[in-house]
Amino acid sequence: MESGEGDSRTETEDPHRIDVEAVLVAKEENLRQADVGGDPSENEEEEAVQTKLSIINMLRDNKAEGVQLVSDHEHALKVLHTLDPKILEIKLKATEVDTQLRSNLTGSGSKSLALATPSVDPSSVSCAGFSLMSITED
1 MESGEGDSRT ETEDPHRIDV EAVLVAKEEN LRQADVGGDP SENEEEEAVQ
51 TKLSIINMLR DNKAEGVQLV SDHEHALKVL HTLDPKILEI KLKATEVDTQ
101 LRSNLTGSGS KSLALATPSV DPSSVSCAGF SLMSITED
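Numbering-wise, the sequence shown is residues 1 to 138 according to full-length UniProt numbering.
This is the structure:
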């Protein structure tokens with residue numbers, strides 16, 4: 001479609017994009033026709049369609065400006081990469097302890113787990129120094 005045929009779009013614009021100003025002008029024209037004596041049910045339908053199209057156009061504009069929806073997977077990866085490695089290690093070990101305790105409660109024996117550090121001095125305890133030890137009955 002050439003721009004000289006009355007269409008306000010240029011060749012570089014998205015052919016599915018709706019001109020908001022044209023929608024508003026059409027809405028005003030429909031209202032004037034309703035005042036003159038046009039069919040009110042037809043005008044209401046057209047107005048509803050035009051309103052929906054203007055909302056879709058605004059959503060497309062927002063998406064084009066960089067406002068993107070983030071999926072749960074992308075959000076989880078972002079959180080994972082921002083976690084401190086020491087905190088991540090503690091969370092993984094806590095999950096491991098929980099898993100082992102749950103498996104022990106199902107009847108595989110009466111084993112105990114302990115979270116121990118190699119250091120005796122409490123001021124020098126680091127998160128990375130924790131280790132899991134399984135205590136068995138002898």
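We put the beta carbon where it would ideally sit given N, CA and C, even for glycine. Predicted model, so just to flag it, every value in this text is computed and none were measured.
Residue closest to residue 57, alpha-carbon to alpha-carbon, out of 22, 72 and 75: 22
Residue 84 - containing alpha helix (DSSP H), residue span: Neither: residue 84 is in no alpha helix (DSSP H) and is coded neither H nor E.
Rounded straight-line distance, which links the Cα of residue 97 to that of residue 82: 24 Å
Distance between residue 44 and residue 78 (C-alpha atoms, nearest Å): 46 Å
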